[in-house]
Amino acid sequence: MPDVALATPPGMLRAAWLVARKDLAIEFRTRTAFFSAMVFALLGLTIFYFAWDATAVAAIDLAPGVLWVIFTFSGLLGLQRSFGIEQADRAMDALLGAPVDREAIYLGKALANIVFVAGVQVVALPAVGLFYNVPLGAVALPLAGLALLAAIGIVAVGTLFSAMAVNTRLAELLLPMLSLPFFLPIVMAAAQTTARLLAGRPASEAWPWLRILLAFDLVFVVACTLAFPFTVEE
Amino acid sequence: MTVHGTPAPASAGADHTDLLLPVGFVAVAAVYVRAIFFTPVEAVQGPAQKILYVHATSAFVALYLAFALMAVCSLLYLVLKDEKLDRLAESLAEVGLAFTTVVLITGPLWGKPIWGAWWTWDARLTATLFLWFIILGYLLLRGALEERGMRARYSAVLGMLAALLVPFIHLSVYLFRTMHPMPIVLKPSAPSMSPEMLVTFMSSFLAFTLLFAGLLRARYRYATLRDLLQDREAAR
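Here you go:
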């Protein structure tokens with residue numbers, strides 16, 4: 001952990017960064033969640049390919065939908081773990097006892113989750129290009145930006161629900177049940193934009209979808225940050 | 001700080017009969033007698049159109065009364081921390097779920113003869129279906145939490161976020177495609193309905209609102225008594 005002795009409590013952003021660094025350090029040392037999410041994504045991509053008749057549906061039409069559904073589902077694996085790791089030895093109590101804002105804990109957790117989800121995406125995106133024979137190289141940059149926007153929305157809502165679900169009797173079941181309805185606008189906007197990118201359509205066609213995605217990110221990052229303190233109140 | 005307002009036994013009203021619920025049921029039955037026997041058959045859709053009087057009114061009760069109020073109660077709970085608001089939100093969710101289920105059953109029944117399909121992924125249908133999913137999740141979440149304060153806070157957070165989500169679902173599916181007819185009464189120009197139909201339609205709103213209020217009061221009384229019982233058992 002940080003090699004500086006903190007005489008004064010860290011500011012909001014610094015505290016968030018410390019929380020994120022802690023989570024990422026745990027993940028980097030164990031790598032269990034990342035590898036399972038990665039393997040899950042690759043398996044999902046493979047299985048989806050054989051769920052369609054490849055002669056009837058072109059892979060390029062299939063790829064955007066598959067990509068974002070798999071992306072969302074594998075993201076849930078990481079989100080599940082986000083607050084799960086705080087349960088051992090009641091680490092959550094220590095985190096809440098730290099002299100930092102609750103909002104900073106949320107933002108730190110979310111930041112670590114974004115890195116996690118982006119990491120899975122770095123593996124899943126080329127895999128889609130390879131397995132579905134889709135030329136992603138030309139649209140790599142806009143696609144990466146889109147992935148980031150989608151990841152922000154997914155993580156904003158998912159991190160909050162992870163904090164809630166972990167305290168319930170049905171943790172593993174409840175997180176997807178609560179999160180997936182919230183992921184619908186994200187998956188739709190991301191898949192529609194990807195389809196237009198791959199088809200080489202003008203950017204103006206994707207703009208209405210991007211606007212929804214941007215608005216979603218803005219509304220839910222603010223709402224979930226404000227709501228988080230209520231989920232950890234004693 | 002949570003206000004653990006232990007309700008007084010008198011206000012729980014275990015010993016007096018609530019007339020609102022039977023009145024609601026009778027009103028709905030009366031509206032249906034009028035709708036079936038004393039309201040003209042619609043020229044294009046035939047008898048199938050009569051499902052309007054239950055479909056549109058249930059949708060109004062579920063979406064504009066139950067869930068709007070539930071979102072308001074959730075938000076107010078986070079500010080005021082009054083357990084009554086949590087019990088009210090819980091009751092609204094369950095009664096709202098019942099009405100949404102009616103909407104989701106009568107919709108396909110009407111859609112099949114008129115649109116030729118049981119289901120279509122139109123903006124209103126999808127938003128209603130997802131609201132139904134969220135409310136199911138909301139009730140599951142409540143069921144998975146033992147501690148009352150935590151249950152109230154978590155469900156209030158979910159109730160508030162759900163209210164923010166519905167416009168997004170509606171908007172994105174609207175961009176996708178839409179087929180559901182636009183409202184035929186609440187629109188800038190005059191309602192496109194014969195006067196007899198309009199009277200039936202309006203009275204069905206009244207009847208369903210009465211039924212909603214009756215069900216809500218019964219469900220709220222149950223929640224109050226349940227918490228009261230829990231408090232007494234804990235105190236023993």
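Line by line, the protein sequences are chains A and B.
The opening position of the first sequence corresponds to residue 1 in our numbering, with each subsequent residue numbered one higher.
The opening position of the second sequence corresponds to residue 1 in our numbering, with each subsequent residue numbered one higher.
By construction, the Cβ of each residue, glycine as well, lies at the ideal position given by its N, Cα and C atoms.
Computed from a prediction, not measured in an experiment: that's the story for all the values here.
Chain A within 7 Å of residue i, Cβ atoms only
{"i": "B/Gly-116", "result": "no"}
{"i": "B/Pro-9", "result": "Note on B/Pro-9: pLDDT 47, under 50, position unreliable in the model; the coordinate value appears next. Closer than 7 Å: no."}
{"i": "B/Phe-168", "result": "yes"}
{"i": "B/Ser-172", "result": "yes"}
{"i": "B/Leu-75", "result": "no"}
{"i": "B/Arg-148", "result": "no"}
{"i": "B/Thr-6", "result": "Summary for B/Thr-6: the model assigns pLDDT 48, below 50, so the residue's position carries little reliability; its value from the coordinates is reported in the next sentence. Not an interface residue."}
{"i": "B/Arg-232", "result": "no"}
{"i": "B/Arg-153", "result": "yes"}
{"i": "B/Met-179", "result": "Only weak support is given to the placement of B/Met-179: the predicted model assigns it a pLDDT of 48, under 50, and the value that follows is read from those uncertain coordinates. No, B/Met-179 does not count as interfacial toward chain A."}
{"i": "B/Val-157", "result": "yes"}
{"i": "B/Ala-93", "result": "no"}
Residue of the options minimising C-alpha distance to residue i
{"i": "B/Ile-169", "options": "A/Asn-167, A/Ile-152, A/Pro-126 and A/Leu-213", "result": "A/Leu-213"}
{"i": "A/Trp-207", "options": "A/Arg-21, A/Leu-79, A/Trp-52 and A/Leu-146", "result": "A/Leu-146"}
{"i": "A/Ala-150", "options": "A/Ser-204, A/Asp-53, A/Leu-77 and A/Val-117", "result": "A/Val-117"}
{"i": "A/Thr-8", "options": "A/Ala-189, A/Ala-98, A/Thr-225 and A/Arg-90", "result": "A/Ala-98"}
{"i": "B/Arg-221", "options": "B/Asp-86, B/Ala-35 and B/Phe-37", "result": "B/Asp-86"}
{"i": "B/Arg-219", "options": "B/Lys-81, B/Ser-91 and B/Pro-22", "result": "B/Ser-91"}
{"i": "B/Val-240", "options": "B/Ala-93, B/Leu-131, B/Leu-21 and B/Gly-149", "result": "Nothing can be reported for residue 240 of chain B, as the shown portion of chain B is limited to 1 through 236."}
{"i": "B/Trp-121", "options": "B/Val-41, B/Leu-175, B/Ile-135 and B/Leu-80", "result": "B/Leu-175"}
{"i": "B/Ala-163", "options": "B/Val-173, B/Tyr-53, B/Ile-135 and B/Glu-147", "result": "B/Ile-135"}
{"i": "A/Phe-291", "options": "A/Met-177, A/Leu-210, A/Leu-96 and A/Gly-119", "result": "Outside the shown range of chain A (1 to 234) lies residue 291 of chain A, about which nothing can therefore be said."}
{"i": "A/Thr-107", "options": "A/Phe-216, A/Arg-14 and A/Ala-203", "result": "This sequence places Leu at residue 107 of chain A; Thr is not what is there. Here the closest residue by C-alpha is A/Arg-14."}
Buried/exposed call for residue i, threshold 16 Cβ in 10 Å
{"i": "A/Glu-86", "result": "buried"}
{"i": "B/Met-179", "result": "Note that B/Met-179 scores a pLDDT of 48, beneath 50, so its modelled location is shaky; the value from the coordinates is reported in the next line. By the neighbour-count rule (16 or more Cβ atoms within 10 Å), B/Met-179 is not buried but exposed."}
{"i": "B/Gln-230", "result": "exposed"}
{"i": "A/Met-12", "result": "exposed"}
{"i": "B/Tyr-138", "result": "buried"}
{"i": "B/Tyr-64", "result": "exposed"}
{"i": "B/Gly-107", "result": "buried"}
{"i": "A/Pro-64", "result": "buried"}
{"i": "A/Ala-163", "result": "buried"}
{"i": "A/Phe-35", "result": "exposed"}
Within-7 Å CB hit, residue i to chain B
{"i": "A/Arg-169", "result": "yes"}
{"i": "A/Ala-191", "result": "no"}
{"i": "A/Tyr-49", "result": "no"}
{"i": "A/Val-187", "result": "no"}
At least 3 beta-carbon pairs within less than 8 Å: the stretch 130-140 of chain A vs the stretch 77-93 of chain A: no
Select from the stretch 194-210 of chain A all residues with a C-beta closer than 8 Å to any C-beta belonging to chain B, and list them in chain order. Pro-208 and Trp-209
Pairing CB atoms from the stretch 54-61 of chain B with CB atoms from the stretch 200-207 of chain B, are three or more of them under 8 Å? yes
Just by C-beta distance, which residues in the stretch 121-140 of chain B are closer than 7 Å to chain A? Phe-130, Phe-133, Ile-134, Gly-137 and Leu-140
Evaluate contact between the stretch 51-63 of chain A and the stretch 175-189 of chain A, counting only Cβ atoms and requiring at least three cross-stretch pairs below 8 Å. no
Name the residues in the stretch 199-222 of chain B whose C-beta lies less than 8 Å from a C-beta of chain A; which are they? none
Indicate whether the contact test is met: 3 or more Cβ pairs, each with one atom in the stretch 216-227 of chain A and one in the stretch 153-164 of chain A, closer than 8 Å. yes
For the stretch 134-167 of chain A, which residues have a CB atom closer than 9 Å to at least one CB atom of chain B, in sequence order? Val-157, Leu-160, Phe-161, Met-164, Ala-165 and Asn-167
To be precise: take each residue of the stretch 61-73 of chain A, compare its Cβ to all Cβ atoms of chain B, and keep it if any distance is under 8 Å. Which residues remain? none
Below 8 Å, can you find three or more Cβ-Cβ pairs linking the stretch 65-72 of chain B to the stretch 107-121 of chain B? Not touching, per the Cβ criterion.
Could you tell me whether the stretch 189-196 of chain A touches the stretch 23-40 of chain B, using the rule of 3 or more Cβ pairs below 8 Å? no
Cβ contact check for the stretch 32-49 of chain A and the stretch 121-131 of chain A: 3 or more pairs under 8 Å: yes
Identify each residue in the stretch 26-49 of chain B for which the Cβ-Cβ distance to at least one residue of chain A is less than 8 Å, and report them in chain order. none
When you check each C-beta in the stretch 48-71 of chain B against every C-beta of chain A, which residues fall closer than 7 Å? none
Could you name the residues of the stretch 214-234 of chain A whose beta carbon sits closer than 8 Å to any beta carbon of chain B, in the order they occur along the chain? Those residues of the stretch 214-234 of chain A that come within reach of chain B (Cβ to Cβ, closer than 8 Å) are Ala-215, Phe-216, Val-219, Phe-220, Ala-223, Cys-224, Ala-227, Phe-230, Thr-231 and Glu-233.
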